[in-house]
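Here the protein sequences line up with chains A and B, keeping their order.
In this text, residue positions in the first sequence follow full-length UniProt numbering: the first is 1, and each later residue adds one.
In this text, residue positions in the second sequence follow full-length UniProt numbering: the first is 1, and each later residue adds one.
Positions of the beta carbon are idealized from the N, C-alpha and C atoms, including for glycine.
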Amino acid sequence: MAVMAESTVAQAKRSSLWTRAFESRHFLGAMFMVPAIAILILFLAYPLALGFWLGMTDTKIGGAGRYIGFQNFVSLAKDSVFWLSVFNTIFYTVAASAVKFAIGLYLALLLNERLPMKSMIRAIVLLPFVVPTVLSAIAFWWIYDSQFSIISWVLIKAGLITRYIDFLGDPWNARWSVVAANIWRGVPFVAITLLAGLQTISPSLYEAANLDGATNLQRFRHITLPMLSPIIAVVMTFSVLMTFTDFQLIYTITRGGPINSTHLMATLSFQRAITGGNLGEGAAISNAMIPFLVAAILLSFFGLQRSRWQQGGRD
Amino acid sequence: MSSVQIRDVRKSFGNFEVLHGVSIPIEDGQFVVLVGPSGCGKSTLLRMLAGLENITSGTISIGDRVVNNVQPKERDIAMVFQNYALYPHMTVGENMGFSMKLRGESTEEINKRVKRAAEILALSPLLERYPRQLSGGQRQRVAMGRAIVRDPQVFLFDEPLSNLDAKLRVAMRTEIKELHQRLKTTTVYVTHDQIEAMTMADKIVVMHDGIVEQMGTPLELYDKPENQFVAGFIGSPSMNFLKGHVRVNGVATFEGPNGVKLPLRNAPAASDGRPVVYGVRPEHFTIADDGADAEIVVVEPTGSETQVFAKLGGEQVVAVFRERHQFNPGDKVKLKPDPSVIHLFDEATGKRV
């Protein structure tokens, strides 16, 4: 009897502990976070850590590597192809982002006006964003083809040039060509996001500025730009990050050629790691991108810090 | 400062005409209030005056100059918007000085004028703040400050108090009126609130469905409304209307619904049996032995006065008494309108008889 009573008491105690745990905010909170943490660890933290680790080893496909410290980075520092890819990546990012911003802002301002068939034009602007990257890359590849390029054909028919342009055979031609393809693909994102930002600006601000005597240019300078600056910071950060890590366009159009002149860090990393089999070296190249990306994020973080006029008070 | 002439102005959006020939003369230094229910075209008219909407036909002149085709910024007007339209990224001082900065005035002159306007509006301690950090009333004052700094020919106000709470609205009303008395700048003020119109205006323009129903001083409109719309719109609680006929039988009386008889001072000539609407303001009822029978429905004391809803000949009427009668719902009372201040309107046209 005594034993039975004891076990019942113990059972009651256990169940009450279980129930109490589920009534505790802290325990429940932790439980709810488990799935999110698991996903983050599995798909984000683990690959990142693995990448860091691989960069410190001489792993090759098919064989376990061993720890070699910073040797990969040391050899990369002497590798002219690596430095060329760093230059290409920076050039590609700066040139493409600047033009994407300019065209995107222009389109956004245009679409914010009263236009006939506005919704249709908006849909057309979004088109490059909707087409799968590889598909549009193949289209560009064809447009840039040395024998069948439609651009060359049109220019020859128009009598402006006499020979087909070697878009992808000459280093600088190739660089500008892939930049153009990236711009074509990236403009819709910038334009639509900036348009959304423009539409949050109250029309009465423009009316007030109009009565205050502002010209069109002054309205843009004193109302549109400052009001849009938070959105610009977000859009351009995303745009820079996406351009810096671009892979698909380059890999489909040029594969990094000619003579590595369009190799970005991402494509070079892939080439060395997967095609070349040197996983360790490839991972080191990928790791080398991190300082640049962190710098871009920090820049935008400080740029994004809400200006004083956005703080405080309710509205 | 300058006068404003609005002559036969029409406005259409596509085929839909919203203003049907409006003419309003505004004298130099006058405070004119455009009042009417929403959709009556008063805000559109103000925006046409500002140059934010095109004028379909007719002319608007400021001073001697017809401004139909003059750009807003060249009309020398300042406008206070309903949502204030303050530039959120500029401080109070920058907001107020923006128009002068655009005109390329010296920083010294801008600071001087901004400082003076800030003093007038008690904004001096707030000049470095951003609009987000201000209360509704302060934002409202900044919007006015922006207008004052410009020292324009005409001030335009587009429902400036409708975003404020009731208490602040009353305070700002007085402040705006005081400001006008001080600056004496011609002002056109749009509101849907007839109390704002009554308390602030030199001249009220009552608009309805794109036409001017009546214009005049607040008391003219109150005492002699030209039609039933104005009579019902001006005054709070609004005027009671009873349908019936004029009876001339020795003494002129009004015979209302269910045979209720109400006094008339003198009947309009040859009007026996004429169908009319009898209008009496709530404050013009008294309790008298020779009054009409009524039954009290609801009593609403406000302290200074008591509003009484009663059934008079089956129709609900409201009466306001400043004396403290002891009324209870269901009480029978005798209500008598003061015949010297009642209004008669033609039943068909609504025009004053």
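{"Asked": "Residue range of the alpha helix (DSSP H) that includes V70 (chain B)", "Found": "Unbroken run through V70 (chain B): none, as it is neither H nor E."}
{"Asked": "Contacting positions in the segment 68-94 of chain B - beta carbon closer than 9 Å to chain A", "Found": "Q71, P72, K73, E74, R75, I77, A78, M79, F81, Q82, N83, Y84, A85, L86, Y87, P88, H89, M90 and T91"}
{"Asked": "Residues that K11 (chain B) bridges to, as DSSP identifies them", "Found": "B:L19"}
{"Asked": "Interface residues of chain A facing F98 (chain B) [CB-CB closer than 7 Å]", "Found": "D212"}
{"Asked": "A45 (chain A) versus S286 (chain A): straight-line alpha-carbon distance, rounded", "Found": "15 Å"}
{"Asked": "C-beta atoms of S85 (chain A) and H263 (chain A) nearer than 9 Å", "Found": "yes"}
{"Asked": "Segment contact, 8 Å Cβ cut-off, at least three pairs: the segment 124-142 of chain B with the segment 89-98 of chain B", "Found": "yes"}
{"Asked": "Beta-carbon separation (whole angstroms), A292 (chain B) vs K243 (chain B), contact threshold 8 Å", "Found": "15 Å between Cβ atoms; not a contact."}
{"Asked": "F43 (chain A) to N216 (chain A) span [Cα, whole Å]", "Found": "50 Å"}
{"Asked": "E315 (chain B) - containing beta strand (DSSP E), residue span", "Found": "E315 to F321"}
{"Asked": "Beta-carbon proximity of D212 (chain A) to S99 (chain B), cut-off 9 Å", "Found": "yes"}
{"Asked": "A233 (chain A) at chain B interface by Cβ criterion, 9 Å", "Found": "no"}
{"Asked": "Assigned secondary structure, I61 (chain A) (DSSP; H/G/I helix, E/B strand, else coil)", "Found": "coil"}
{"Asked": "Cutoff 8 Å; reference I195 (chain B); Cβ partners in own chain excluding five residues on either side", "Found": "S236"}
{"Asked": "6 Å Cβ shell around L54 (chain A) - same chain, five flanking residues per side excluded", "Found": "L279, G280 and A283"}
{"Asked": "Chain A residues whose Cβ lies nearer than 7 Å to that of L52 (chain B)", "Found": "E207"}
{"Asked": "Residue nearest to P25 (chain B) in terms of C-alpha spacing, selected from B:L312, B:S340 and B:T186", "Found": "B:T186"}
{"Asked": "is_contact[residue 411 (chain B), chain A] using C-beta, thresh 9 Å", "Found": "Nothing can be reported for residue 411 (chain B): it is not among the residues displayed for chain B, which extend from 1 to 353."}
{"Asked": "Three-state secondary structure assigned by DSSP to V333 (chain B)", "Found": "strand"}
{"Asked": "Given S229 (chain A) as reference, the closest of A:F247, A:E207 and A:I201 once Cα atoms are compared", "Found": "A:I201"}
{"Asked": "Neighbour-count burial assignment, residue 367 (chain B), 16 or more Cβ in a 10 Å radius", "Found": "Any answer about residue 367 (chain B) is impossible in this case: the structure gives chain B only from 1 up to 353."}
{"Asked": "For A123 (chain A), the nearest candidate out of A:A108, A:V134 and A:A137 (CA to CA)", "Found": "A:A108"}
{"Asked": "Limits of the beta strand (DSSP E) - the one that N249 (chain B) falls within", "Found": "N240 to N249"}
{"Asked": "From B:L179, B:I55, B:E17 and B:G58, residue whose alpha carbon lies closest to that of R40 (chain B)", "Found": "Looking at the sequence itself, residue 40 (chain B) is Cys, so the reference to Arg does not match. When each option's Cα is compared against that of C40 (chain B), the closest is B:E17."}
{"Asked": "Contact list for Q218 (chain A) against chain B, beta-carbon separation under 8 Å", "Found": "L102"}
{"Asked": "Nearest-angstrom Cβ-Cβ length linking T224 (chain A) and T93 (chain A), presumed shorter than 8 Å", "Found": "With 8 Å as the limit, T224 (chain A) and T93 (chain A) do not qualify as a contact, their Cβ atoms being about 26 Å apart."}
{"Asked": "Residue-level contact to chain B via CB, P226 (chain A), 9 Å cutoff", "Found": "yes"}
{"Asked": "Exposed unless 16 or more other CB atoms sit within 10 angstroms - verdict on D158 (chain B)", "Found": "buried"}
{"Asked": "Nearest-angstrom beta carbon gap, E178 (chain B) and V277 (chain B) [assumed within contact, 8 Å]", "Found": "With a Cβ gap of about 39 Å, V277 (chain B) and E178 (chain B) do not count as contacting."}
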